[in-house]
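Participant: In this note's numbering, the protein residues as written are 1428 to 1760.
Every residue gets a Cβ at the ideal spot worked out from N, C-alpha and C, and that includes glycine.
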Amino acid sequence: MKLWQYIVLRVLLIIPTLFILLSIVFVLLRMIGDPIIAMIGMRAPPSVVAAMREQAGLNKPLYQQYVDYIFGILRGDFGTTMSVDHRPVISVIMERFPATLELTVAAFLVSVTIGLITGTVAAWKRGLLDTTMRLYSIVSYALFIPWFGLMLQLIFGVYFRILPIGQRADPGLAPPHYTGLYIIDSVMAGRFDMLISTLRHLILPAITLGVVLSGVYTRLLRNNMIDVMGQDFILAYFARGIRDRKVLVHSLKNAFIPLVTMMGLQFAILLTGAILTETTFSWPGLGTMIVERIQYTDYTAVQGAVVFFALFVAVTNVVIDIIYAFLDPRISY
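1) Under the rule that 16 or more other beta-carbon atoms within 10 Å means buried, what is proline 1525, buried or exposed?
2) Taking alanine 1682 and tyrosine 1433 to be in contact with their CB atoms under 8 Å, please state how far apart those CB atoms are, rounded to whole angstroms.
3) Alpha carbon to alpha carbon, how far is leucine 1698 from arginine 1470?
4) With a threshold of 6 Å on Cβ separation, who are the neighbours of alanine 1549 within its own chain once the five nearest residues in sequence on each side are excluded?
5) Grouping DSSP H, G and I as helix and E and B as strand, with all else coil, what is proline 1525?
6) Would the beta-carbon of leucine 1778 fall within 7 Å of that of isoleucine 1634?
7) Does the beta-carbon of tryptophan 1710 have 16 or more other beta-carbons within 10 angstroms, so that it is buried, or is it exposed?
8) Expressed to the nearest angstrom, what Euclidean distance is found between the alpha-carbon atoms of leucine 1600 and threonine 1645?
9) Under three-state DSSP, which class holds threonine 1606?
10) Using CA coordinates, which residue listed in Gly1731, Gln1658 and Tyr1609 is at the minimum distance from glycine 1533?
11) Hey, out of Lys1680, Thr1540 and Ile1447, whose CA is closest to alanine 1737's CA?
12) Decide yes or no for the touch test of the segment 1496 to 1512 against the segment 1720 to 1737: beta carbon pairs closer than 8 Å, at least 3 of them.
13) Considering threonine 1625, what are the terminal residues of the alpha helix (DSSP H) in which it resides?
14) Return the Cβ separation of phenylalanine 1453 and tyrosine 1490 in integer angstroms, given the expectation that the two are a contact with Cβ distance under 8 Å.
15) Check whether the Cβ atoms of isoleucine 1441 and alanine 1741 lie closer than 7 Å to each other.
16) For leucine 1530, collect the residues of the same chain with a Cβ closer than 8 Å to its Cβ; drop the 5 residues on either side in sequence, then sort them by chain order.
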């Protein structure tokens, strides 16, 4: 199979994956009971309950609701929120998603950077440093995000007062809306003070999420590098007296390829971890939106956000698979 055929196949395979995923979300959200009663209570007048059920489309037969739901998603229609604002769910999601994406990308860079450094040091130096880095990988992965975030807030926000502990920017320094990504918007607006404010607010949430997920990269890169460094071509480099730095680069390059797949999986976990991080740091992203809408029992908004997350993760995994196929010619596609 040629590379373009592999790419087409991977794109086509996403269709049944998404279909199964959307069906699971549909069934699970209908197992929680009547969302209208949950939202307005048992004592609400029957006429009000009936009107709200009709407005949400819940008075239709279940199979009709399923068909409407699937075709609605295909058209990009995620429904209308059931709380007071009655806005299209997709517009609410798109308002919050840039904040989540900015946090996720920053945390991803932090986790990969820490993982590359600690994993390389562990494999190259061995001994006490290796033991220390392996211990770090275990401890970091076991950290509970809200607890770790609160510790960072206490140390850097309360005791030393050098970093903010919540929100995306200082009052009055939020950049004008171009993309919703504050870093890019600050640059586009040419406001250095806004950029600094945005970066200061991003540091603690990104470190919290990045450190927790960096341990996986540490352990995986260490093991891959040790395996690569024991292979004949690396031993030949040493035998020919090639400089250590050059051998290290070759070892890292060959050990890095399996990490690409892990990056795709970790990116999905980052999105999940962002919900806890956003709640801890009052970060106005998609995670806090889900928590808020759960409190309001806003059934359609929660369903839309879950489906949006699922679609994003599925597409991300396909992109990672394609990148992996480009990077490693040994893969048979």
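Facilitator: For this structure:
1) Classification for proline 1525: buried.
2) Actually they do not touch by this definition, with Cβ atoms about 24 Å apart.
3) Answer to the nearest angstrom: the Cα atoms are 38 Å apart.
4) So the qualifying residues of the chain are Asp1557, Met1560 and Arg1649.
5) helix
6) There is no way to answer for residue 1778, as the model of the chain reaches only from 1428 to 1760.
7) buried
8) 37 Å
9) coil
10) Reading the sequence as shown, one finds alanine at residue 1533 and not glycine. If we check each option's Cα against that of alanine 1533, Tyr1609 comes out closest.
11) Ile1447
12) The segment 1496 to 1512, when compared against the segment 1720 to 1737, does touch it at the 8 Å Cβ threshold.
13) 1619 to 1656
14) Wrong, their Cβ atoms sit about 11 Å apart, outside the cutoff.
15) Yes; because the gap between Cβ atoms is below 7 Å, this pair is in contact.
16) Once the five neighbours on either side are set aside, the close Cβ partners of leucine 1530 are Leu1629, Pro1632, Ala1633, Leu1636, Ala1701, Thr1704, Glu1705, Trp1710 and Gly1712.
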